[in-house]
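First comes the structure, then the notes that go with it.
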Amino acid sequence: MVVAFSVYGKVLLGKRKCQPEYGKWDLPVGSMGLLVDLLQITNRILRRNANVHITADGALLLCKRDFTVAGEIHNIVCVQGVVEAGRRPIADGDFLDVRFFAKEEVPWPHVFSTATEILSEVGWTKPVPK
């Protein structure tokens, strides 16, 4: 999974076109493989799912770690510097739609449960109702 932030600090989410939780917003996913260049594999996942990329000189690796959800281990790469190229990302791969969201714009009730947990791990949490 990739937690990708644009150069403007927005997170990239895609609307799932498969079960479970069809239509929920999720993080871009793809096989990380073994012994691969992190920037290269991250770009492959982002291009396949949203037609966006990270430039080598603009990328900032925020974290890389394993995260366990419901007994499954997910490899998480968190990067900043995704190029928006002045246009909206194009859905492809596993998504019906893809968008960048500012923290206050994330549609939390419609975010896939695993993505919600992973985003909270990197400091993006649902706002608490007042």
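To get this note's numbering, take the position in the sequence shown, counting from 1, and add 18.
From the three backbone atoms N, C-alpha and C, an ideal C-beta is built for every residue, glycine too.
Being a predicted model, the structure only gives us computed values, none of them experimental.
Assigned exposure category for residue i - 16 Cβ within 10 Å defines buried
i      : result
LEU53  : Per-residue confidence for LEU53 stands at a pLDDT of 45, beneath the threshold of 50, marking its modelled position as unreliable; the derived number appears in the next sentence. Flag for LEU53 reads exposed.
SER138 : exposed
SER131 : exposed
ARG117 : buried
ILE108 : exposed
ASP55  : exposed
THR73  : exposed
PRO46  : buried
ALA68  : buried
ASP112 : buried
THR86  : exposed
ILE91  : exposed
ALA133 : buried
Spatial neighbours of residue i in its chain, beta-carbon cut-off 6 Å, leaving aside the 5 residues before and after
i      : result
LEU114 : LYS33 and LYS35
VAL140 : VAL21 and CYS96
Close Cβ partners of residue i (< 7 Å) along its chain, the five nearest in sequence each way excluded
i      : result
GLN98  : PHE23, LEU78 and LEU80
ARG65  : HIS71
LYS121 : TRP142
Close beta carbons around residue i, own chain, < 8 Å, minus the five adjacent residues each side
i      : result
VAL129 : LEU31, LYS42, TRP43, ASP44 and LEU137
ASN61  : HIS71 and ILE72
ASP84  : ILE91, HIS92, ASN93 and ILE94
Cβ separation of residue i and residue j, assumed to be a contact under 8 Å, to the nearest whole Å
i      : j     : result
TRP142 : VAL29 : 6 Å
If you scan the region 42-101 from start to end, which runs of the beta strand (DSSP E) of 3 or more residues do you find wholly inside it? 78-87 and 90-101
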